[in-house]
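Before any comments, here is the structure.
Numbering (our numbering), first residue to last: 475 to 806.
Now the structure itself:
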């Protein structure tokens, strides 16, 4: 993202007396960390910042927020806020907030390859491995231009968490030399990188471990092993297992040798006949698959929601779409 772009983002934040900073439904580490860091930056610029997330933050990511509280519903005085979305590729990712926020978003900061423009000002950089990288560049630009006078430790901590989370602890194909340089600067600034990575990748509740056992039992292979899927229905949320405990199920599906793409489909607890699909690949454009169902993301990591009569129908729908994509890839 150019210095001009970063200056424009800062100008919008500075001109806002009150900002509502919003992440996407089913928040991940990049969403939570980036939104949290932007709240810290906005407040340091003299703006009153409020964090809003359509869904509660998973327990395993709550440490990224520190003491900051996140709303889950739009405030009654919504028109009093400058609304900024972070890591939200399309309006559908706003979940139940989508209708209330229609035509009200002033600024979108994002890094997804595939999405649907919806904000008055759009700042999207698909070259960034995480939205946290963009927020870091914004922070550095604010320091360099004298907008920020002192370091913001909580923001730096959250930025590192955002970047590490969306790169799988710096092991995914989206990682660039710039990703490592930003991480190095954050570590040199005093960020406890080992602690953050331990909490993100090496700390699990007993319920999450049980969920991973369920996910392993439900693993299915299709298209001669090229597609690996895990389908989680409402009845699987038992024995203290929550929907968020299945967040790491996609790592199980994508680890199958010979698989080109992986999917985890989870039934919504709040909406009948609604299913969330997370897609991953080692080259296949799963963002294009997700886009067919109103979702989006990156070429190798994307997501979408489906309205289906059953988990079996949702599974068939995703498998059929992935199979078509594999066939089309072969013909190309």
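All residues carry an ideal CB built from backbone N, CA and C; glycine is no exception. Remember, predicted model here, so these are calculated numbers, not experimental data.
Problem - With 16 other Cβ atoms within 10 Å as the buried cut-off, status of residue 556 - result: buried
Problem - Backbone CA spacing between residue 575 and residue 731 [nearest angstrom] - result: 43 angstroms
Exercise for the section: Helix, strand or coil for residue 545, going by three-state DSSP, please let me know. Expected result: strand
Handout entry: the region 744 to 760 contacting the region 624 to 636, beta-carbon criterion three pairs below 8 angstroms
Key = no
Handout entry: For residue 618 and residue 736, the rounded distance between their alpha carbons
Key = 42 angstroms
Practice task
Tell me whether residue 754 sits in a helix, a strand or coil according to DSSP, three-state version.
Solution key: strand
Practice task
Indicate whether residue 607 and residue 586 have their beta-carbon atoms separated by less than 9 angstroms.
Solution key: no
Practice task
Identify, in the order they occur along the chain, each residue of the same chain with its Cβ nearer than 6 angstroms to the Cβ of residue 719, setting aside the five sequence neighbours on each side.
Solution key: 681, 682 and 685
Handout entry: Selection from 675, 509 and 521 that minimises the alpha carbon distance to residue 610
Key = 509
Problem - Presumed contact (8 angstroms Cβ cut-off) between residue 635 and residue 670, rounded CB distance - result: 5 angstroms
Exercise for the section: Return helix, strand or coil for residue 707, following the three-state DSSP convention. Expected result: coil
Problem - Check whether residue 705 and residue 788 have beta carbons under 9 angstroms apart - result: yes
Handout entry: Where residue 588 falls: helix, strand or coil (DSSP)
Key = strand
Handout entry: residue 484 beta carbon less than 9 angstroms from that of residue 519
Key = yes
Handout entry: Same chain, Cβ closer than 8 angstroms to residue 488, five either side skipped, listed in chain order
Key = 519, 520, 521 and 621
Exercise for the section: Say whether the region 565 to 583 touches the region 591 to 600, bearing in mind that this needs 3 or more beta-carbon pairs closer than 8 angstroms, one atom from each stretch. Expected result: yes
Exercise for the section: Confirm, please, whether the CB-CB distance from residue 604 to residue 504 is below 9 angstroms. Expected result: yes
Handout entry: Expected contact under 8 angstroms - CB spacing of residue 776 and residue 760 to nearest Å
Key = 5 angstroms
Exercise for the section: Check residue 518 in the structure and name its three-state DSSP category. Expected result: helix
Exercise for the section: Please list, in chain order, all residues of the same chain as residue 531 whose beta carbon is under 7 angstroms from its beta carbon, the five residues on each side excluded. Expected result: 501, 506, 539 and 544
Handout entry: Cβ neighbours of residue 717 in the same chain (closer than 7 angstroms, five flanking residues each side left out)
Key = 711, 740 and 743
Exercise for the section: Answer yes or no: do residue 496 and residue 612 have a C-beta to C-beta separation smaller than 9 angstroms? Expected result: no
Problem - Nearest-angstrom beta carbon gap, residue 499 and residue 528 [assumed within contact, 8 angstroms] - result: 4 angstroms
Handout entry: Bridge-paired residues (DSSP) for residue 596
Key = 582
Practice task
Confirm, please, whether the CB-CB distance from residue 637 to residue 701 is below 9 angstroms.
Solution key: no
Practice task
Give me the Cβ distance between residue 644 and residue 657, rounded to the nearest whole Å; I'm assuming they're in contact under 8 angstroms.
Solution key: 7 angstroms
Exercise for the section: Going by DSSP, name the residue or residues bridged to residue 505. Expected result: Partner(s): none; residue 505 has no beta bridge.
Problem - Buried versus exposed call for residue 692 [16 or more other C-beta atoms within 10 Å across all chains shown] - result: buried
Problem - Beta-carbon proximity check, residue 767 vs residue 783, cutoff 9 angstroms - result: no
Exercise for the section: With a cut-off of 8 angstroms on the beta carbons, I'd call residue 548 and residue 526 a contact; round off their distance for me. Expected result: 7 angstroms
Practice task
Please work out which residues of its chain come closer than 6 angstroms, Cβ to Cβ, to residue 494, disregarding the five sequence neighbours upstream and downstream, and give them in chain order.
Solution key: 524, 526, 555 and 557
Handout entry: Inter-residue spacing [alpha-carbon to alpha-carbon] between residue 762 and residue 642
Key = 22 angstroms
Exercise for the section: Please determine, among 722, 721, 695 and 707, the residue with the shortest C-alpha to C-alpha distance to residue 796. Expected result: 695
Problem - CB-CB length for residue 723 against residue 703, believed under 8 angstroms - result: Between residue 703 and residue 723 the Cβ distance is about 10 angstroms, and since that is not below 8 angstroms, they are no contact.
Practice task
Out of 517, 475, 476 and 512, state which residue places its alpha-carbon closest to the alpha-carbon of residue 491.
Solution key: 517
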